[in-house]
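Novice: Anchor point for the sequence shown: position 7 equals 50 in this note's numbering, and the numbering is continuous, going up by one each time.
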Amino acid sequence: MNKSTFSWTDCKHATIRVSAMSDTELVLEVSREATCGWAGWLVTLRRLSAEGPVVEVSTYRSLEEYRVKEYGLFCVYSKKVVE
């Protein structure tokens, strides 16, 4: 699948790859070789609906934790709609 890099907090140029993707969810896997606290974690970006303004961000330490939705970090972002 697609690979890219990202830099955020203590992660500098960490390799990530898309593990899964649907209309409402994107699952990214941070490389285990990354030299930061996110190494080996899964990060999901999920919308409650394909067109909705709310995005849930969750992190998981393993694929098994992702399957049972036992997240390590969870937050929600909402885009203000201006008409």
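Here a beta-carbon is modelled for each residue, glycine too, at the ideal position from N, C-alpha and C. Here the structure is a predicted model, which is why all the values come from computation and not from measurement.
Using the C-alpha atoms, what's the distance from T87 back to C118?
Specialist: Indexing the sequence shown from 1 puts residue 118 at position 75. Indexing the sequence shown from 1 puts residue 87 at position 44. When rounded, the distance between both Cα atoms is 11 Å.
Novice: Under the three-state reduction of DSSP, which class applies to E94: helix, strand or coil?
Specialist: If you number the sequence shown from 1, residue 94 lands on position 51. E94 falls in the coil class under three-state DSSP.
Novice: Should L69 and I59 be called a contact, given that it needs their Cβ atoms to be closer than 8 Å?
Specialist: Within the sequence shown, numbered from 1, the residue matching residue 69 stands at position 26. Within the sequence shown, numbered from 1, the residue matching residue 59 stands at position 16. Against a cut-off of 8 Å, the Cβ pair of I59 and L69 comes out as no contact.
Novice: So the alpha helix (DSSP H) E76 belongs to, where does it begin and stop?
Specialist: In the sequence shown, residue 76 corresponds to position 33, counting from 1. It is not in any alpha helix (DSSP H) - E76 carries neither H nor E in the DSSP assignment.
Novice: With a threshold of 16 other CB atoms inside 10 Å of the CB of K120, please say whether the residue is buried or exposed.
Specialist: Numbered from 1 along the sequence shown, position 77 holds the residue referred to as residue 120. Correcting the residue identity first, residue 120 is Tyr in this sequence and not Lys. Exposed is the call here.
Novice: Less than 6 Å between C-beta atoms, sequence neighbours within five positions excluded: which residues of the same chain meet that for L116?
Specialist: Your numbering for residue 116 matches position 73 in the sequence shown. Once the five neighbours on either side are set aside, the close Cβ partners of L116 are T102.
Novice: Identify every residue that forms a DSSP beta bridge with W51.
Specialist: Taking the first residue of the sequence shown as position 1, residue 51 is located at position 8. Looking at the DSSP assignment, W51 forms a beta bridge with C54.
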